[in-house]
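Notes to accompany the following structure.
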Amino acid sequence: KLKDVALIATSAFTVYTIAKKIYQSIQKKQIEKKKLIDLIGNTHLIYLESLSKLTGCEIYAKCEFMNPGGSIKDRTCKQIILDAIKDGELSKEKKFIYEGTSGSTGISLTQLGNSMGFQTKIFLPDDLAQEKYLILETMKAILVKVKPCSIVDSQHYCKLAENQAEVDGAFFSDQFENLSNFKVHYNSTAKEIYTQTHGQIDIFVSGSGTGGTIAGVSRYIKSKKPQVKVILADPQGSSLRNKVNYGICYTGEEAEGHRLKHPFDTITEGIGLNRQTDNFNEAQIDKAFLVTDEEALEMAHFLIQNEGLFLGSSSAVNACAAVKSARLYGKGKTIVTIFCDSGMRYLSKFYNPQYLESKGRQYTPKDYSKEFNLD
Ligand code: PMP
-6 KLKDVALIAT SAFTVYTIAK KIYQSIQKKQ IEKKKLIDLI GNTHLIYLES LSKLTGCEIY
54 AKCEFMNPGG SIKDRTCKQI ILDAIKDGEL SKEKKFIYEG TSGSTGISLT QLGNSMGFQT
114 KIFLPDDLAQ EKYLILETMK AILVKVKPCS IVDSQHYCKL AENQAEVDGA FFSDQFENLS
174 NFKVHYNSTA KEIYTQTHGQ IDIFVSGSGT GGTIAGVSRY IKSKKPQVKV ILADPQGSSL
234 RNKVNYGICY TGEEAEGHRL KHPFDTITEG IGLNRQTDNF NEAQIDKAFL VTDEEALEMA
294 HFLIQNEGLF LGSSSAVNAC AAVKSARLYG KGKTIVTIFC DSGMRYLSKF YNPQYLESKG
354 RQYTPKDYSK EFNLD
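Structure (structure tokens):
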């Protein structure tokens, strides 16, 4: 009897197993329904063999150009929009986003805004790389081009965006002062870097535009590993390095007096400032390096030739400061920096010999497999 029961049970189990297998095989696998917003972040960390060999350190870069909007600003815009929706500042009824931006943020805001039913109005200087206007116009952002002036001037594009948003009752996303910016780098960029390096990071290097990236990453990484050095990569014309290295930051009339203007006398875009933003104030920085335009140009072309990476100017500035950090702190260190966006948006300026000539900058193509000098 017991034998029969065992036989029935075994047969029943066999039938159940076969039926389950057949059911699973005919059942359609669910495809993940990811939208644009879901593709932001979780970027790769690339090992830069050429720079590592040159310095005796391990140098890595976070590939932020792989975000769907093409830059690190995707992360900031995602957080700003999500927080604004939560706070009721953006909704089906309130769908205008105003921002003052030199390009990347405008592109990320517009792309993400379009995917979520919001309309952007972007205030920006009229001397940016042509590609940025074309992209924004094609993506149906409303553009307001203004004469470049100091960030402390009442006619600065950020101030105009803020004032107009108030008049129109629109949401001013305020990337410079909005701490959603710092928060997203603390919660995503920094955590990804720490996980990807298994906590073995010694030095983090980044430029500062709004300050969101360097603030968020420095605060998180130092909370995990206080001995990590955080280095600011500062382009010529910016005064942030004076604040970091000597505690001086010119603001207001002082900035005018010192002629620390925007646009600075630099051909790089996206980083450097002559005032401290609320986001920058959250940063914990150990040291700042000046990177000249000439150094950035050399590095950009070096990375094209040796790593196959075609990058924007702020990424080149970051890479220069990574090499300078390696030289200061010595061999064997693990250094992580940020590659903010791709070179595609800079063909008419940073990568254009005529433009460089008009700005009194020189770049002579070289064979970087034979030489590379960085002061
Ligand atoms: N690179 C580029 C091209 C940028 O547009 C920006 C932002 N202005 C940055 C770097 C710097 O990022 P953050 O604003 O987080 O300091």
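In terms of the numbering used here, the sequence shown has 142 at position 149, counting the first letter as 1, and numbering is strictly consecutive. Built from N, CA and C at the ideal position, the CB exists for glycine as well. Because the structure is a prediction, the values reported are computed rather than measured.
Inter-residue Cα distance where the pair is Ala293 and Ser318
Taking the first residue of the sequence shown as position 1, residue 293 is located at position 300. Taking the first residue of the sequence shown as position 1, residue 318 is located at position 325. About 18 angstroms.
C-beta atoms of Thr327 and Glu51 nearer than 8 angstroms
For the purposes of this step, residue 327 is identified with residue 334 of the sequence shown, where counting begins at 1. For the purposes of this step, residue 51 is identified with residue 58 of the sequence shown, where counting begins at 1. Yes.
Tell me which residue opens and which closes the alpha helix (DSSP H) that Asp119 is part of.
Within the sequence shown, numbered from 1, the residue matching residue 119 stands at position 126. Premise fails: Asp119 is in no alpha helix (DSSP H) and is neither H nor E.
Beta strand (DSSP E) runs wholly inside the segment 45 to 97, at least 3 long, in chain order:
51 to 56 and 89 to 93
Cα-Cα, which of Glu42, Leu121, His37 and Gly93 is closest to Lys342?
Position 349 of the sequence shown, counted from the start, is the residue given in the question as residue 342. Considering only alpha carbons, the answer is Leu121.
Kindly indicate the opening and closing residues of the beta strand (DSSP E) around Phe282.
As a position in the sequence shown, residue 282 is number 289, starting the count at 1. Residues Lys280 to Val284.
Closer than 7 angstroms to a non-hydrogen atom of ligand 1 - does that hold for the CB of Gly265?
Residue mapping note: residue 265 aligns to position 272 of the sequence shown, counting from 1. No, Cβ of Gly265 sits at least 7 angstroms from all heavy atoms of ligand 1.
Please determine whether the Cβ atom of Thr36 lies at a distance below 7 angstroms from any heavy atom of ligand 1.
Position 43 of the sequence shown, counted from the start, is the residue given in the question as residue 36. For ligand 1, not one heavy atom lies less than 7 angstroms from the Cβ of Thr36.
I'd like the ranges of any alpha helix (DSSP H) spanning at least 4 consecutive residues and lying wholly in the segment 194 to 273.
When DSSP assignments are scanned along the segment 194 to 273, the uninterrupted stretches of alpha helix (DSSP H) that are 4 or more residues long and fall wholly within it turn out to be 205 to 217, 233 to 239 and 245 to 250.
Segment contact, 8 angstroms Cβ cut-off, at least three pairs: the segment 202 to 221 with the segment 171 to 179
yes
Does the beta-carbon of Ile24 have 16 or more other beta-carbons within 10 angstroms, so that it is buried, or is it exposed?
Numbered from 1 along the sequence shown, position 31 holds the residue referred to as residue 24. It counts as exposed.
Rounded C-alpha distance that separates Tyr361 from Gln298:
The residue you call residue 361 lines up with position 368 of the sequence shown. The residue you call residue 298 lines up with position 305 of the sequence shown. In a straight line, the C-alpha of Tyr361 is about 7 angstroms away from that of Gln298.
Through-space distance from Tyr179 to Phe282, alpha-carbon basis
If you number the sequence shown from 1, residue 282 lands on position 289. If you number the sequence shown from 1, residue 179 lands on position 186. Put simply, the backbone Cα of Phe282 is about 23 angstroms away from that of Tyr179.
Under 8 angstroms, do Ile90 and Leu75 count as touching if we go by C-beta distance?
One-based indexing of the sequence shown puts residue 90 at position 97. One-based indexing of the sequence shown puts residue 75 at position 82. Not a contact, by the Cβ cut-off of 8 angstroms.
Check: Gly205 C-beta below 7 angstroms from any heavy atom of ligand 1
Residue numbering aside, residue 205 sits at position 212 when the sequence shown is read from its first letter. Checking the Cβ of Gly205 against ligand 1 gives yes.
Cross-strand partners of Val(-2) (DSSP beta bridge)
Walking along the sequence shown from the start, residue -2 turns up at place 5. None; Val(-2) has no bridge partner.
Identity of the residue in Met132, Lys133 and Leu153 nearest Asp141 by Cα
On the sequence shown, position 148 is the one that residue 141 refers to. Reading off the sequence shown, one finds Pro at residue 141, where the question assumed Asp. Of the candidates Met132, Lys133 and Leu153, the one whose C-alpha sits nearest the C-alpha of Pro141 is Leu153.
On a Cα-Cα basis, can you pick out the residue from Ser199, Lys21 and Asp31 that is closest to Leu434?
With the chain running from -6 to 368 in the structure shown, residue 434 is simply not present.
How many Å lie between Thr182 and Gly34 at the Cα?
As a working mapping, residue 182 is identified with position 189 in the sequence shown. As a working mapping, residue 34 is identified with position 41 in the sequence shown. Looking at the two C-alpha atoms, the distance is approximately 7 angstroms.
Using 8 angstroms for Cβ pairs, my map puts Thr98 next to Gln168. What's the rounded Cβ distance?
In the sequence shown, counting from the first residue as 1, residue 98 sits at position 105. In the sequence shown, counting from the first residue as 1, residue 168 sits at position 175. That pair is a contact at about 5 angstroms.
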